[in-house]
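Protein chains: 2
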Amino acid sequence: MKKIAVKASKPYEVLIEQGLLSECGKLIAKTTGAGFAAIITDDIVDRLYSEKVISSLEAQGIKTVKYVFKNGESSKSSDNLNKIYNFLAENGITRTDLLIALGGGVTGDITGYAAATYLRGVRFVQIPTTLLAQIDSSVGGKTAINLPCGKNLVGAFKQPELVICDPLTLRTLSDETISDGMAEAIKYGMIRSRELFDIIASRNLKNYFEIIDDVIYRCVSIKRDIVENDEFDTGERMLLNFGHTIGHAIESFFNYETYTHGKAVASGMHIMTEQAVKHGDCSSEALDALDSVLRSYDLPLTTEASVTELVPLCSKDKKCESTSINAIVCSDIGKASIRKMPFSDFKAYMES
Amino acid sequence: MKKIAVKASKPYEVLIEQGLLSECGKLIAKTTGAGFAAIITDDIVDRLYSEKVISSLEAQGIKTVKYVFKNGESSKSSDNLNKIYNFLAENGITRTDLLIALGGGVTGDITGYAAATYLRGVRFVQIPTTLLAQIDSSVGGKTAINLPCGKNLVGAFKQPELVICDPLTLRTLSDETISDGMAEAIKYGMIRSRELFDIIASRNLKNYFEIIDDVIYRCVSIKRDIVENDEFDTGERMLLNFGHTIGHAIESFFNYETYTHGKAVASGMHIMTEQAVKHGDCSSEALDALDSVLRSYDLPLTTEASVTELVPLCSKDKKCESTSINAIVCSDIGKASIRKMPFSDFKAYMES
């Protein structure tokens, strides 16, 4: 079993091993000592894994209740959140009990947010079951829900007690969902590790599973390093937004329908790096390598939207301060920097 | 001007002076440097004080927008919270901007909670305008909203940038609202300071204003000391619950209609202390002094509900862990202790 210790304001471990789902009861009992847990999951994950998780927990004497919501981004809403709160109240969850997020990013984000706010904070465990959740959203303590007027507008920093990653759960995902996660894995390589980038580039969407444990381990390690330095997202953590400023603009331009988050980030990374090459900030070899790995995971380099159409949408990105923007630029594979610039300069940089 | 420095995870000051409302712009500009503020207030306070606050802010070049909701506890809801979030989004509030809570406890609690969670945290300033808010709810960083199934079930710890108390705002309050706040002031005396208790006891509901600056200063100082030692409410802070376990049971028994929070806490303090006398834990002189000061502020000693009816409701209090309860007992005026006991022992203590 691979272990990554995260020294955030509350320290915790990320555990990675194929088959870990059947061991989760033991691991959770040992780490938390909780006797009562509310499992929060969506209907698809519920059918696949709830039984395994519940029997593992109950074998350790942990009593469980389960709340199931409809799979999908539309469930990351204040309406679903209120239903979760009422479920917790009805089942008498107290501060000594535990929430367990079993599922992908939506489940982790809304469960973590409920855990951050119910009774001003109860403990929670992440059991991420998608690649994106395993390498990214389950680590670092960002939790959120969407508002009708924007994604992730309401949230909290809340560290889990434990993160349990079982890569076997990826076997039930569609190719598209794997692509989606792989875009973020490629991002970690681009901003911090040529070695990780090369490992990812050595496989493709068909045979990625051969390297997946190592990829998850390396991505989480990078995120851990960055988050430990900047838990509350005021500096270095912005590096994680590489490809995301344009990516969010793409998602928004197409009303969050045509492009998944990963596909939008993939195009965002290509577009940013193409501009970096134009400005002499990055070599064309690095861009070629990026494009090649994106293609091998079935990820797009561009979209039907022009850069001129996308740039204005970047200023709505909540990560931009009103008059300036933090652009993340890779000067080579494995090397990224934050460039704070007036929005007008960013526009000029992107449209040249 | 009286100043109290609070050294919480984020340090801030509580400022107390009659007439401070007209100075708030200068104080807020100096402390926060913000250029844009969203004022959150209720319709009653809006009519009385918004104009003064806004003109003071705008004189310092701070642009303002204002959100007004209906006065009353029913506005401390997720419905009103969502309206606040949408207002903040529509007005483009970012992390460099400011929320200002102008009003009583409901306003402070919901504004603080919105500030804790919108964009995972924006800064906020408290301008409490009721006695209860000035001496209690605006200090210490507890923020919350109510759920249909219980009060304050959802919340966060969020410290303000600054608390501005202008005792002149108390002049527009009804006697009942002053009584309500004075119950908490008496509580501070009971748990920590015979001197404060005696100052309060030297006046009554008709002439309390003569001592109010000093009372606010002393109450906030006590709360500051306790909160600095136990910001996240896992130990000493429970002392602040003196009278509250029974008090909450009273509020709940009468469906939050017959008794205000302060009246319920007043009865809670009397009932707890009466039992302490019976068990030899407290002198009857202390109880007599408590009863006398409660009467002079028009606060009740008991209610129509019997202790036998109230005790079962204490176990629903979210402050009780499932099998035990932290009872707060005063052994004398100014001296309180936390007694953790099985719920059955608490029942026996109360019903003997």
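Chains as they are written, first to last, in this note's numbering: chain A, 330 to 681; chain B, 330 to 681. A virtual CB, placed ideally from N, CA and C, is assigned to each residue, including glycine.
| Asked | Found |
| --- | --- |
| According to DSSP, VAL492(B) sits in a beta bridge with which residue or residues? | VAL343(B), GLN455(B) |
| Between the region 508 to 527 of chain A and the region 661 to 670 of chain A, can you find at least three pairs of beta-carbon atoms closer than 8 Å? | yes |
| Applying the criterion that 16 or more other CB atoms from any shown protein chain within 10 Å of the CB defines a buried residue, is CYS478(B) buried or exposed? | exposed |
| Taking the alpha carbon of ASP289(A) as the point to measure from, which residue in SER351(A), GLU380(A), GLU614(A), GLY591(A) has its own alpha carbon closest? | The shown model of chain A, from 330 to 681, leaves out residue 289(A), and the question about it has no answer. |
| Please name the residue in GLY597(A), ASP674(A), LYS487(A) whose C-alpha comes closest to that of THR440(A). | LYS487(A) |
| Give me the chain B residues within the contact set of ALA418(A), using Cβ-Cβ distance strictly less than 7 Å, ordered along the chain. | LEU476, CYS478, GLY479, LEU482 |
| According to DSSP, is PRO477(A) helix, strand or coil? | coil |
| Which residue from SER653(B), LEU623(B), MET330(B) puts its Cα closest to that of GLY510(B)? | LEU623(B) |
| Keeping to the same chain, check which residues put their C-beta closer than 6 Å to that of ASN558(B); ignore five residues upstream and five downstream. | GLU565 |
| Could you compute how far the alpha carbon of ALA578(B) sits from the alpha carbon of SER644(B)? | 9 Å |
| Any C-beta of chain B sitting closer than 8 Å to the C-beta of ARG668(A)? | no |
| Indicate whether at least one CB of chain B lies closer than 8 Å to the CB of PHE341(A). | Checking the displayed sequence, the identity of residue 341(A) turns out to be Tyr instead of Phe. Cβ-Cβ to chain B under 8 Å: no for TYR341(A). |
| Can you pull the chain B neighbours of PHE486(A), defined as C-beta to C-beta under 9 Å? | ARG449, GLY450 |
| Alpha carbon to alpha carbon, how far is GLU638(A) from SER466(A)? | 29 Å |
| Quick check: what's the CA-CA separation for VAL556(B) versus GLY432(A)? | 37 Å |
| To the nearest angstrom, how far is the alpha carbon of THR632(B) from that of ASN533(B)? | 22 Å |
| Determine the direct distance from the alpha carbon of ILE422(A) to that of ILE540(A), and round the result to whole angstroms. | 40 Å |
| Please name the residue in VAL549(B), LYS355(B), ALA367(B) whose C-alpha comes closest to that of TYR447(B). | ALA367(B) |
| Looking at ALA430(B) and ILE391(B), is the spacing between their C-beta atoms short of 8 Å? | no |
| Taking all protein chains shown into account, decide if PRO489(A) is buried (16 or more other Cβ within 10 angstroms of its Cβ) or exposed. | buried |
| State the beta-bridge partners of MET447(B) as determined by DSSP. | With the sequence shown as reference, residue 447(B) is identified as Tyr, and Met is not the correct amino acid for it. VAL483(A), per the DSSP bridge assignment. |
| What residues in the region 412 to 446 of chain B have a beta carbon less than 9 Å from any beta carbon of chain A? | TYR414, ASN415, LEU417, ALA418, GLU419, GLY421, THR423, ARG424, THR425, ASP426, TYR442, ALA443, ALA445, THR446 |
| Any idea what DSSP makes of CYS659(B), helix, strand or coil? | strand |
| Hey, ILE345(B) and ASP542(B) are a contact pair by Cβ (cut 8 Å); roughly how many whole angstroms apart? | 6 Å |
| As a quick exercise: from SER621(A), PRO629(A), THR506(A), pick the residue whose alpha carbon is nearest that of GLY401(A). | THR506(A) |
| Does DSSP classify THR506(B) as helix, strand or coil? | helix |
| Measure the Cβ-Cβ separation of LEU619(B) and VAL606(B) and say whether it is below 8 Å. | no |
| How big is the Cα-Cα spacing for LYS471(B) and VAL374(A)? | 36 Å |
| Taking ARG500(A) as the reference, give the member of ASN420(A), LEU525(A), LYS535(A), ARG424(A) with the closest Cα. | LYS535(A) |
| Please confirm whether SER503(B) has its beta-carbon closer than 8 Å to some beta-carbon of chain A. | no |
| For LYS592(B), which three-state DSSP category applies? | helix |
| Using a cut-off of 7 Å between C-beta atoms, extract the partners of SER406(A) located in chain B. | Within chain B, no residue comes near SER406(A); the closest Cβ sits about 10 Å away, beyond 7 Å. |
| Just confirm the distance between the C-beta atoms of ILE333(B) and VAL382(B), as a whole number of angstroms; I'd bet it's less than 8 Å. | No, ILE333(B) and VAL382(B) are not in contact; Cβ-Cβ is about 21 Å, not under 8 Å. |
| Please go through the same chain and pick out, in chain order, the residues whose beta-carbon is closer than 7 Å to the beta-carbon of HIS573(A), but skip the five residues on each side of it. | VAL594, GLY597 |
| Given that a residue counts as buried once 16 or more other Cβ atoms are within 10 Å of its Cβ, and exposed if not, what is SER338(B)? | exposed |
| When DSSP labels each residue in this structure, what does SER653(B) get in the three-state scheme? | strand |
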